[in-house]
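Here is the structure we will look at.
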Amino acid sequence: MAITIITLTLTVAMFIWGKWRSDVTAVAALCVLMLTGVLSPSEALAGFASPVVIMMVGLFVVGGALLQTGLAREGGNRMMSFAKGSERRAFLLVMLSTSFIGAFVSNTGTVALMMPIVVSMSAQAGFSSSRLLMPLAFASSLGGMLTLIGTPPNLVVSEALEKAGYQPLGFFAFLPVGLIVIALGIIMLLPMSKQL
């Protein structure tokens, strides 16, 4: 028990310190627990066979493909033409498009994809990008509530239901609640983005 607590404490400290990459830190902690006998090799590697982990790896591949193919740049150009210099219209476009992308790509991937688009769009339109970057971050999280793959907890809940003998959740099971939350998020963030 002491080895586990010490390893977890050191792992969290390394995550906070940020000197080493988080994936290297996590694998190092896994190796320590395996070498000290806390975990057997099958227990240590069981997480890599989880459908959730495989799905997340696939989402990072999709996010990278969007960047490499130039689809992100094309999306930014289209958004600039639709915004027509209006900050409110740009806000709505950022919120809606980020929420839509966030429904199919991880939050981190969505923000990484949309941030250069938002910054370049703001620079070309002549308004501060800082008013759109926080709504961008919120929209990526809110968009994850639209689909089963939008955020890892949705997949975990579906898998837990299936293991407990219930029907797994459908792909768009979260959609009605997600749409309401996105609408409320837009209503709250629109005035806040101008005041703060």
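Under my numbering, the sequence shown has 156 at position 79, and the numbering climbs by one with no breaks.
No residue lacks a Cβ here, since even glycine has one placed at the ideal position from N, Cα and C.
In this chain, the alpha helix (DSSP H) harbouring SER207 covers 207-220.
Looking at the backbone, the Cα of MET91 and that of ASP100 are separated by about 11 angstroms. Residue environment analysis places PHE168 among the buried positions, since at least 16 neighbouring C-beta atoms fall within 10 angstroms of its C-beta. Annotation: SER158 to MET198 spans about 9 angstroms, alpha carbon to alpha carbon. Separation of THR88 and ALA142 (C-alpha to C-alpha, rounded to the nearest whole angstrom) is 31 angstroms. The three-state reading of DSSP puts SER99 in helix, counting H, G and I together. Counting the other CB atoms within 10 Å of its CB gives LEU112 a total below 16, which places it among the exposed residues.
For VAL195, same chain residues with a beta-carbon under 7 angstroms away, outside a window of 5 residues either side, are VAL171, SER206, LEU209, LEU210, LEU213 in chain order. Residue burial is scored here from C-beta neighbours: SER217 has at least 16 other C-beta atoms within 10 angstroms and is therefore classed as buried. Here the alpha carbons of LEU110 and ILE83 stand approximately 10 angstroms from one another. With contacts defined as CB atoms closer than 9 angstroms, GLU164 and PHE204 qualify as a contacting pair. According to the DSSP assignment, PHE168 belongs to the alpha helix (DSSP H) that extends over 164-179. Take TRP97, set aside five residues on each side of it, and the residues of its chain with a beta-carbon closer than 7 angstroms to its own are MET91, in chain order. Residue environment for VAL182: buried (at least 16 other C-beta atoms within 10 angstroms of its C-beta).
Between SER119 and GLU236, the gap from beta carbon to beta carbon reaches 9 angstroms or more. Across the structure, VAL104 and VAL134 are spaced so that their CA atoms are roughly 16 angstroms apart.
In this chain, the alpha helix (DSSP H) harbouring LYS271 covers 252-272.
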